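So the sequence shown is residues 1 to 104, counted in the UniProt record's numbering.
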Amino acid sequence: MCAPLSEEEAAELAPLFKAIADPVRLRLLSLIACRKGGEVCVCELTGAFDVTAPTISHHLKVLKQAGLVVSERRGTWVYYRVNPHLLERLSSLLDPRPLTATSR
1 MCAPLSEEEA
11 AELAPLFKAI
21 ADPVRLRLLS
31 LIACRKGGEV
41 CVCELTGAFD
51 VTAPTISHHL
61 KVLKQAGLVV
71 SERRGTWVYY
81 RVNPHLLERL
91 SSLLDPRPLT
101 ATSR
């Protein structure tokens, strides 16, 4: 059975939704999540958008601060991958099917 969010859960999840409320950030998250191998170099992301590299870096920082992505520096480049636990949690809120005891 599906249960509504508590005040604490809503307060915890609201910043995640705020982070993906921007179209560029939502698309960045999608590009990273769909990438073969599960991670992508920031150098590969900048060409996919009609914004500057510093703007992409800002958006990635917002996603990282929200915990939606994690990064790892390798030499001069930074690689990003999604945090699967948070994405799963967000997706479970948007799925209209009732949760089972094992999926919580």
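Backbone N, C-alpha and C fix where the C-beta goes; we use that ideal spot for every residue, glycine too. Values in this document were obtained by computation on a predicted structure and should not be read as measured data.
Simplified DSSP state of S30, which is helix, strand or coil
Within the sequence shown, numbered from 1, the residue matching residue 30 stands at position 30. If DSSP states are grouped into helix, strand and coil, S30 belongs with the helices.
Kindly indicate the opening and closing residues of the beta strand (DSSP E) around S71.
For the purposes of this step, residue 71 is taken as the residue at position 71 of the sequence shown. Unbroken beta strand (DSSP E) run through S71: 69-74.
Specify the secondary structure class of I62 as computed by DSSP and reduced to three states.
On the sequence shown, residue 62 is found 62 positions in, with the first residue counted as 1. Just to set this straight, residue 62 is Val in the shown sequence, not Ile. It is helical.
What does DSSP give as the partner residues of V82 in its beta bridges?
For the purposes of this step, residue 82 is taken as residue 82 along the sequence shown, with counting starting at 1. Note: V82 sits in a beta bridge opposite V69.
At the level of alpha carbons, what is the spacing between R89 and R73?
Here residue 89 is taken as the residue at index 89 of the sequence shown, counted from 1. Here residue 73 is taken as the residue at index 73 of the sequence shown, counted from 1. Rounded to the nearest angstrom, the two C-alpha atoms are 27 Å apart.
Our contact map puts Y80 next to V69 with C-beta atoms below 8 Å; I'd like the distance itself, whole angstroms only.
Taking the first residue of the sequence shown as position 1, residue 80 is located at position 80. Taking the first residue of the sequence shown as position 1, residue 69 is located at position 69. Y80 to V69, Cβ: 5 Å. Contact.
Cα separation between A19 and R25?
In the sequence shown, residue 19 corresponds to position 19, counting from 1. In the sequence shown, residue 25 corresponds to position 25, counting from 1. Computed Cα separation, rounded: 7 Å.
Segment contact, 8 Å Cβ cut-off, at least three pairs: the segment 4-15 with the segment 49-58:
no
Looking at the secondary structure, which residues open and close the alpha helix (DSSP H) in which V51 lies?
Here residue 51 refers to the residue found at position 51 of the sequence shown. Per DSSP, V51 lies in no alpha helix (DSSP H) segment and is marked neither H nor E.
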